[in-house]
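Here is the structure we will look at.
Now the structure itself:
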């Protein structure tokens with residue numbers, strides 16, 4: 584893979600800016616949420632995978648947990664249940680929790 588000088592300079596700039604964080608978090612476990620929107624966008628999928636590999640290569644221990652907001656919302660809409668959010672966080676009652684478990688558990 585060859586890159587042009589502009590891309591190479593940008594990569595060098597990003598790595599230089601990231602170096603203090605790489606040094607600080609080397610050997611640490613990082614929990615990263617892989618959100619529902621990122622799961623359905625091909626570019627976001629590739630970028631996410633690349634970032635996880637980079638974290639591992641520089642000595643971090645990434646642990647990925649998944650979201651599923653859009654998928655949960657779709658199933659709730661299909662069954663006629665309205666999603667409720669307070670300050671951007673889903674309010675999950677017992678009926679909604681059943682749907683969340685089905686969606687995130689792969690039962691739907």
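Numbering (the working numbering), first residue to last: 584 to 691. Even glycine gets a Cβ: it sits at the ideal position worked out from N, Cα and C.
* Going by CA-CA distance only, name the one from 627, 618, 686 that's closest to residue 650. => Translated into the one-based positions of the chain shown, residue 650 becomes position 67. For the residues 627, 618, 686, the minimum Cα distance to residue 650 belongs to 618.
* Nonlocal neighbours in the same chain, by C-beta distance under 6 angstroms from residue 667, ignoring five residues either side -> Here residue 667 refers to the residue found at position 84 of the chain shown. Counting only Cβ-Cβ distances below 6 angstroms, and skipping sequence neighbours, we find 674.
* How many angstroms separate the CA atom of residue 670 from the CA atom of residue 660? -> As a first step, residue 670 is located in the chain shown; it is residue number 87 there, counting from the start. As a first step, residue 660 is located in the chain shown; it is residue number 77 there, counting from the start. Roughly 20 angstroms separates the two Cα atoms.
* In this structure, does DSSP put residue 662 in helix, strand or coil? -> As a working note, residue 662 is residue 79 in the chain shown. Residue 662: coil per DSSP, three-state reduction.
* DSSP three-state assignment for residue 680, whether helix, strand or coil -> Residue 680 sits at position 97 when you count from the first residue of the chain shown. Helix, per DSSP.
* Asked: Anyone know if the C-beta pair for residue 612 and residue 653 falls short of 9 angstroms?
  -> For the purposes of this step, residue 612 is taken as residue 29 along the chain shown, with counting starting at 1. For the purposes of this step, residue 653 is taken as residue 70 along the chain shown, with counting starting at 1. No, the Cβ-Cβ distance between residue 612 and residue 653 is not below 9 angstroms.
* Residues near residue 605 by beta carbon distance below 7 angstroms, same chain, minus five either side -> As a working mapping, residue 605 is identified with position 22 in the chain shown. 641, listed in sequence order.
* Can you give the Cα-Cα distance for residue 643 and residue 586, rounded to whole angstroms? -> Here residue 643 refers to the residue found at position 60 of the chain shown. Here residue 586 refers to the residue found at position 3 of the chain shown. Each residue's Cα considered, the two are about 26 angstroms apart.
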